[in-house]
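Chains as they are written, first to last, in our numbering: chain S, 103 to 396; chain P, 9 to 369; chain B, 533 to 811. Here's the structure we're looking at; comments come further down.
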Amino acid sequence: MTASQQRIAPGRMMPPLQESSWVRWSLTAFSCSFLILFLFVPLVVVFTEALRKGFGAYWAGITDPTAWSAIKLTVLVVGISVPLNLVFGLAASWAIAKFEFWGKSLLITLIDLPFAVSPVVSGLIFVLLFGIHGWFGKWLDAWGLQVIFAVPGVVLATVFVTFPFVAREVIPLMQEQGTEQEQAALTLGANGWQTFWYVTLPNVRWAVLYGVILCNARAMGEFGAVSVVSGHIRGKTNTIPLHVEILYNEYNFVAAFAVASLLALLALVTLVAKTLVERRIHYSTSLEPTTVES
Amino acid sequence: MSIEVRNISKSFGNFTALRDVSLQVHDGELLALLGPSGSGKTTLLRIISGLEVPNPNPSSDILFHGQSVVDRPVRHREVGFVFQHYALFRHMSVADNIGFGLRMRPRATRPSKSEIRDRVGKLLKLIQLEGFGDRFPSQLSGGQRQRVALARALAVEPKVLLLDEPFGALDAKVRQGLRTWLRRLHDEIHLTSVLVTHDQEEALEVADRVVVMNQSRIEQIGTPDEVFHHPKTPFVMEFLGQVNVFHGRVTKGKIELDDPFTTEQHEPHNNSNPQAIYARPHELDIQRELTNGEGIAAKVRRLHLAGPIARVILEAENGGHVQVHLSLERFYELALQPGVAAYVVPKSGRVFEGASKTILG
Amino acid sequence: MVWRLKKHSVLPGFGLTLGFTVFYLSLIVLLPLTALCLKSTSMGWPQFWETVSHPRVWASCRLTFETAATAALINAVGGFIVAWCLVRYDFPLKRIFDAMVDLPFALPTAVSGISLTTIYASSGWIGQWLARWDIKLVYSRWGIIIAMTFIGLPFVVRTLQPALEDLEKENEEAAACLGANRWQTFRFVIWPTIIPALLTGFAMAFARGLGEYGSIVFISGNMPMKTEIASLLIITKLEQHDLAGATAIAVILLVSSFVVLLCINLLQWWSSERVRGVA
Numbered sequence: 103m104t105a106s107q108q109r110i111a112p113g114r115m116m117p118p119l120q121e122s123s124w125v126r127w128s129l130t131a132f133s134c135s136f137l138i139l140f141l142f143v144p145l146v147v148v149f150t151e152a153l154r155k156g157f158g159a160y161w162a163g164i165t166d167p168t169a170w171s172a173i174k175l176t177v178l179v180v181g182i183s184v185p186l187n188l189v190f191g192l193a194a195s196w197a198i199a200k201f202e203f204w205g206k207s208l209l210i211t212l213i214d215l216p217f218a219v220s221p222v223v224s225g226l227i228f229v230l231l232f233g234i235h236g237w238f239g240k241w242l243d244a245w246g247l248q249v250i251f252a253v254p255g256v257v258l259a260t261v262f263v264t265f266p267f268v269a270r271e272v273i274p275l276m277q278e279q280g281t282e283q284e285q286a287a288l289t290l291g292a293n294g295w296q297t298f299w300y301v302t303l304p305n306v307r308w309a310v311l312y313g314v315i316l317c318n319a320r321a322m323g324e325f326g327a328v329s330v331v332s333g334h335i336r337g338k339t340n341t342i343p344l345h346v347e348i349l350y351n352e353y354n355f356v357a358a359f360a361v362a363s364l365l366a367l368l369a370l371v372t373l374v375a376k377t378l379v380e381r382r383i384h385y386s387t388s389l390e391p392t393t394v395e396s
Numbered sequence: 009m010s011i012e013v014r015n016i017s018k019s020f021g022n023f024t025a026l027r028d029v030s031l032q033v034h035d036g037e038l039l040a041l042l043g044p045s046g047s048g049k050t051t052l053l054r055i056i057s058g059l060e061v062p063n064p065n066p067s068s069d070i071l072f073h074g075q076s077v078v079d080r081p082v083r084h085r086e087v088g089f090v091f092q093h094y095a096l097f098r099h100m101s102v103a104d105n106i107g108f109g110l111r112m113r114p115r116a117t118r119p120s121k122s123e124i125r126d127r128v129g130k131l132l133k134l135i136q137l138e139g140f141g142d143r144f145p146s147q148l149s150g151g152q153r154q155r156v157a158l159a160r161a162l163a164v165e166p167k168v169l170l171l172d173e174p175f176g177a178l179d180a181k182v183r184q185g186l187r188t189w190l191r192r193l194h195d196e197i198h199l200t201s202v203l204v205t206h207d208q209e210e211a212l213e214v215a216d217r218v219v220v221m222n223q224s225r226i227e228q229i230g231t232p233d234e235v236f237h238h239p240k241t242p243f244v245m246e247f248l249g250q251v252n253v254f255h256g257r258v259t260k261g262k263i264e265l266d267d268p269f270t271t272e273q274h275e276p277h278n279n280s281n282p283q284a285i286y287a288r289p290h291e292l293d294i295q296r297e298l299t300n301g302e303g304i305a306a307k308v309r310r311l312h313l314a315g316p317i318a319r320v321i322l323e324a325e326n327g328g329h330v331q332v333h334l335s336l337e338r339f340y341e342l343a344l345q346p347g348v349a350a351y352v353v354p355k356s357g358r359v360f361e362g363a364s365k366t367i368l369g
Numbered sequence: 533m534v535w536r537l538k539k540h541s542v543l544p545g546f547g548l549t550l551g552f553t554v555f556y557l558s559l560i561v562l563l564p565l566t567a568l569c570l571k572s573t574s575m576g577w578p579q580f581w582e583t584v585s586h587p588r589v590w591a592s593c594r595l596t597f598e599t600a601a602t603a604a605l606i607n608a609v610g611g612f613i614v615a616w617c618l619v620r621y622d623f624p625l626k627r628i629f630d631a632m633v634d635l636p637f638a639l640p641t642a643v644s645g646i647s648l649t650t651i652y653a654s655s656g657w658i659g660q661w662l663a664r665w666d667i668k669l670v671y672s673r674w675g676i677i678i679a680m681t682f683i684g685l686p687f688v689v690r691t692l693q694p695a696l697e698d699l700e701k702e703n704e705e706a707a708a709c710l711g712a713n714r715w716q717t718f719r720f721v722i723w724p725t726i727i728p729a730l731l732t733g734f735a736m737a738f739a740r741g742l743g744e745y746g747s748i749v750f751i752s753g754n755m756p757m758k759t760e761i762a763s764l765l766i767i768t769k770l771e772q773h774d775l776a777g778a779t780a781i782a783v784i785l786l787v788s789s790f791v792v793l794l795c796i797n798l799l800q801w802w803s804s805e806r807v808r809g810v811a
């Protein structure tokens, strides 16, 4: 009997390119448990631990003056580093996507570089530059300026680790869109700035927003790099994540998780925003003409 | 091996792709499924192959050589399927692609490595790609890839060969060459084959019989000259070539045209209702003066003379356009120029029962 | 022929944007990294070697590499199955699960660190169950692996998803027509096509694990020679004002992530070369 004479029971016709339901269900069950165990549980625990001793203790943890100063510092750091990297991202995408020049791929590689540097090393390099034994250490000291173990160091380290986020989201999209629309705008009499503002930017706005969302999340949550340069001075150079660490190491778990819950909320908002923006990007690129079906 | 399709329907959600379709494919014939996109031809082919499952219905069945295969999964149906975009395995060499089906067999029926190599060699020769075995699909042209896809399908010695728009992704010249080659190949191996195409020229040239499909149904089945010269429905007539439509009536086997000026308001000559009369461009003649019988007054608008026939486009007085194909001799005899007034005279035409009114041209 | 740095273009703003890009890049990225390189070269080989070959440094590097590799392996297997299910199957709450995959990107590492520690501690949600079987994950290398797995998961899933979505259905149909069963289709048609993406995801998760700090310090226990990872040792050395030692370890981390990055680029080049020209 050859294989061709085998028959499956009539009426049990399966779509031909589907695994058996047994395989499907066990794989799905595995995936869901894997995701719940590794992702969902850690997120939930943050909130349950924060509210373990009731809402009063939670509120006390958040409204503590040192917590407040950590929040203010984080907002300041984000307020500096995100706009800087946004401007850089737009400038870099314009230069890279709209022009052909020598060394372009090297430039793209260099922009991605901070992703390859581990957070602690990202902090260390600024210590090597501006620390008391660093390159500019003596000079800064002579002028009475302090970078390391002070706010400027925290800002610099954050700018470094969030450096590529906007650029790497916008460059590929701008490259894809080519230069035809800009050339059309120029022939219609627009100047360079108008062309960028009215033609280029609207085409990539969702990607820009996407990059800003990611950049913002990383800037608020950066721990390793900031931890190296901040010096952990309470009420002065502590960002929210560093404050969480201190509280946790002091066994003040409820307060630690209460402050952490702010960051977890931020993560949730980031995820929702990211999903929505991804859908917009998908939608706007799917409007592009695709191959014609015959 | 003959194929019989009985009462097959298929819907995808709200969309009905096939409505109660029945069809017979004779042993050793090459049958073309012809129709516009969305007519259900590809779905029918995929149901025959087992890649798609028809709507459950006790009276529907698919038989290969009288034996029901409707419950048999694709991989046991022994069909060779050729895809429009080749679907070659890009990480395998040409030889590995062709030998894939043989290597997938259960150990008991799997040929030895040397047998597989021999079979692959023979097939490479058959598709005129000897020496290409070690190349990768990305190193081949479109036409070569499609030949490899065909060889891959033939390697497992299928009982039937199913081709889904096999030349659809190729440019016109390669297409023409492959078409002739496919017909010759079929004459050599006589494998029952079903070819899906939306190109009427391809269907008429290659197939033994043509199935014209429209809106999930079969419109007509017949040999190429049957469907071309004796279309059963206006759709078949229009799909298989250019058509002019006139209003008029056929009385006692003679065509009587309505005055083109008054198609809408005109009181009919007699009791029979005006009908749509279909005539292909070569079934019309042009006369400078109306000698006898019916004709439509028109002005010559454009002339296409590049080709074996003269194509003349005229504008009737009601604004409709008529296309007429004349032999070059007849054309020069008439001495037509753009702007010249003439009469279009039907030599023959066709009327379909229940045909809807269609505008002139 | 005149050799030009830039092809002619009618669009304005090249000088301004490229100038700013290069200036800002040099200031923020290149200058600090150069400082690191110069510092390490100024040490000279003997001193570098002396630092690196110290048992404590050696142990921490080994630990970091081993745990990162284990975590990347777990992610390669688990992440592959997750990506497969997300792309191919429908199940309730699928979109939420899909969005959740990015959580490790969005959740600050310090938060995930204290959260994971709490869960797996002997009084935690999962830890107390494991404690009954005398399994202790926190403050051991398994704790480090858990944190690295958490951090690396999205890299594998998000690299595999597009690769799985891009698979051509026709290829699988062709295999089925040629008599291959589902397993054969997977093994010989699907697997070879997605292996580059899987390796890329693995490498990215590995690289991320090598450098991870925030989520690990809480769960690892930081015992020298046992659960002290390389990043932590850098900080310890810094606190002891041993800049040279910190730099030496940093160089090792940096060089290894560059090597991984290079491997990823080679992988991508290889896979695009393999399928070049096929539409």
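Glycine is no exception: its CB is placed at the ideal position from the N, C-alpha and C atoms.
> Which same chain residues, not among the five before or five after L203(P), have their C-beta less than 6 Å away from its C-beta?
Replying inline: Closer than 6 Å at Cβ, skipping near neighbours: A40 and L171.
> Can you name, in chain order, every residue of its own chain whose Cβ lies under 8 Å from the Cβ of M533(B), other than the five neighbours on each side?
Replying inline: Model confidence at M533(B) stands at a pLDDT of 40, short of 50, so the residue's coordinates are unreliable and nothing is read from them.
> Short check: CB of A695(B) to CB of I726(B), under 8 Å?
Replying inline: Remark: C-beta atoms of A695(B) and I726(B) approach each other more closely than 8 Å.
>> I'd like the span of the alpha helix (DSSP H) that includes A152(S), first residue to last.
In response: Where A152(S) is concerned, the enclosing alpha helix (DSSP H) stretches over V143 to A152.
> In its own chain, which residues sit with a C-beta less than 8 Å from the C-beta of H540(B), not counting the 5 before and 5 after it?
Replying inline: None.
> Comparing alpha-carbon positions, which option in V331(S), S207(S) and F262(S) lies nearest Q248(S)?
Replying inline: Proximity to Q248(S) across V331(S), S207(S) and F262(S) peaks at V331(S), based on C-alpha coordinates.
>> Does P346(P) pass the burial test, meaning 16 or more other C-beta atoms within 10 Å, or should it be called exposed?
In response: Exposed, because fewer than 16 other Cβ atoms sit within 10 Å of the Cβ of P346(P).
>> One question on the structure: do K355(P) and D293(P) come within less than 8 Å of each other, judged by their Cβ atoms?
In response: By the CB criterion at 8 Å, K355(P) and D293(P) fall inside the cutoff.
> Should N797(B) be labelled buried (16 or more other beta-carbon atoms within 10 Å of its own) or exposed?
Replying inline: Exposed: under 16 other Cβ atoms inside 10 Å.
> What do you get for E275(P), buried or exposed, if any count of 16 or more other CB atoms within 10 angstroms of its CB means buried?
Replying inline: For E275(P), the predicted structure reports a pLDDT of 37, less than 50, and the residue's modelled location is therefore unreliable. The matter cannot be settled from this model.
> Helix, strand or coil: which one does DSSP assign to H345(S)?
Replying inline: Here DSSP, grouped into helix, strand and coil, assigns H345(S) to helix.
>> Taking a contact to mean a Cβ-Cβ separation below 8 Å, would you say T264(S) touches N187(S) in this structure?
In response: The Cβ-Cβ distance between T264(S) and N187(S) falls below 8 Å.
> Would you say W802(B) reaches chain S, if we count a Cβ-Cβ gap shorter than 8 Å as a contact?
Replying inline: Under the 8 Å criterion on CB atoms, W802(B) is classed as non-interfacial with respect to chain S.
> Is the CB-CB distance between L311(P) and L334(P) below 8 Å?
Replying inline: In terms of Cβ geometry, L311(P) and L334(P) do not form a close pair [threshold 8 Å].
> What are the start and end residues of the alpha helix (DSSP H) that includes D293(P)?
Replying inline: Counting along the chain, D293(P) falls outside any alpha helix (DSSP H), though it belongs to the beta strand (DSSP E) covering L292 to Q295.
>> For I226(P), report the span of its beta strand (DSSP E) as first-last.
In response: I226(P): member of the beta strand (DSSP E) spanning R225 to G230, first to last residue.
> Can you give the Cα-Cα distance for L794(B) and V787(B), rounded to whole angstroms?
Replying inline: If I take the Cα positions, the gap works out to 10 Å.
> Is the distance from the Cβ of G741(B) to the Cβ of M680(B) below 8 Å?
Replying inline: Yes, the pair counts as a contact, with Cβ atoms nearer than the cut-off.
>> Measuring straight from C-alpha to C-alpha, what distance separates T599(B) and S592(B)?
In response: When rounded, the distance between both Cα atoms is 10 Å.
> Can you list, in chain order, the stretches of the beta strand (DSSP E) that have 3 or more residues and sit fully within the region 21 to 54 of chain P?
Replying inline: Within the region 21 to 54 of chain P, the runs of beta strand (DSSP E) at least 3 residues long that lie entirely inside it are, in chain order, 23 to 33 and 38 to 42.
> What is the rounded straight-line gap between the Cα of R225(P) and the Cα of I321(P)?
Replying inline: Taking the straight line joining both Cα atoms gives about 34 Å.
> Taking Cβ positions, are K18(P) and T50(P) nearer each other than 8 Å?
Replying inline: In this structure, T50(P) does not lie closer than 8 Å to K18(P) by Cβ.
> Whose CA, out of V670(B), A631(B) and L562(B), lies closest to the CA of F142(S)?
Replying inline: Sorting V670(B), A631(B) and L562(B) by C-alpha distance to the C-alpha of F142(S) places A631(B) at the top.
> What are the residues of the region 49 to 61 of chain P that lie near chain B, defined by any Cβ-Cβ distance shorter than 7 Å?
Replying inline: So the close ones are S57 and L59.
> For E323(P), which beta-bridge partners are listed by DSSP?
Replying inline: Answer is K307(P) and H329(P).
> Which value, in whole angstroms, describes the spacing of the CA atoms of S747(B) and L137(S)?
Replying inline: When rounded, the distance between both Cα atoms is 18 Å.
> the region 90 to 112 of chain P: which residues have C-beta closer than 7 Å to a C-beta of chain B, in chain order?
Replying inline: Here the close residues are F91, H93, A95, F97, R98, H99, F108, G109 and M112.
> Who are the Cβ neighbours of A327(S) in its own chain at under 6 Å, not counting the five residues just before and after it?
Replying inline: Cβ within range, chain order: P221, S224, G225, A259 and V263.
> Exposed or buried, D634(B), counting other C-beta atoms within 10 Å across all chains shown (16 or more means buried)?
Replying inline: Its Cβ being crowded by 16 or more others within 10 Å, D634(B) is buried.
> Which residue's Cα is closest to the Cα of R620(B): S207(S), F325(S), L275(S) and L119(S)?
Replying inline: Nearest C-alpha to R620(B) among S207(S), F325(S), L275(S) and L119(S): L119(S).
>> If I measure Cβ to Cβ from T759(B) and keep anything under 8 Å in the same chain, skipping five residues before and after, which residues do I get?
In response: Excluding sequence neighbours, T759(B) sits near L595, Y671, S672, R673, G675, I676, S752 and G753.
> By how many angstroms is the C-alpha of G185(P) removed from the C-alpha of V219(S)?
Replying inline: Computed Cα separation, rounded: 58 Å.
> Quick one, are the C-beta atoms of R358(P) and M221(P) less than 8 Å apart?
Replying inline: No, the Cβ-Cβ distance between R358(P) and M221(P) is not below 8 Å.
> A762(B) by DSSP, collapsed to three states: which one?
Replying inline: Helix, per DSSP.
>> Would you say S207(S) lies against chain B (beta-carbon separation less than 8 Å)?
In response: For S207(S), the answer is no, since every Cβ of chain B falls outside 8 Å of its Cβ.
> Mind pulling the chain P residues with CB within less than 9 Å of L731(B)?
Replying inline: Taking a Cβ-Cβ threshold of 9 Å, none of the residues of chain P is close to L731(B); the smallest such distance is about 14 Å.
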